[in-house]
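Numbering follows this note's numbering, with no gaps: position 13 of the sequence shown is 1492. Worksheet for the structure shown next.
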Amino acid sequence: MGWLKEFSVKCKVDIHAWVLMTNHVHLLCTPHEAGGVRVNLTLF
């Protein structure tokens, strides 16, 4: 799942866990910068 690494680098987050659902993905992330950023990602 190369897109996880790409997402992590692009959005500057560490991904701790992920769950692939039938029509979406849940990610548990920690931002690299204080304050963080809320990210919505549409894959389909």
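Note that the Cβ used here is the ideal one computed from N, Cα and C, for glycine as well.
According to DSSP, residue pairing for W1497 in a beta bridge involves L1506.
Among the bridge pairs identified by DSSP, V1488 is matched with none. Around the Cβ of V1492, a 10 Å sphere holds 16 or more other Cβ atoms; the residue is buried. Sequence-distant Cβ neighbours of H1511 in its own chain, meaning closer than 6 Å and more than five residues away, are K1491.
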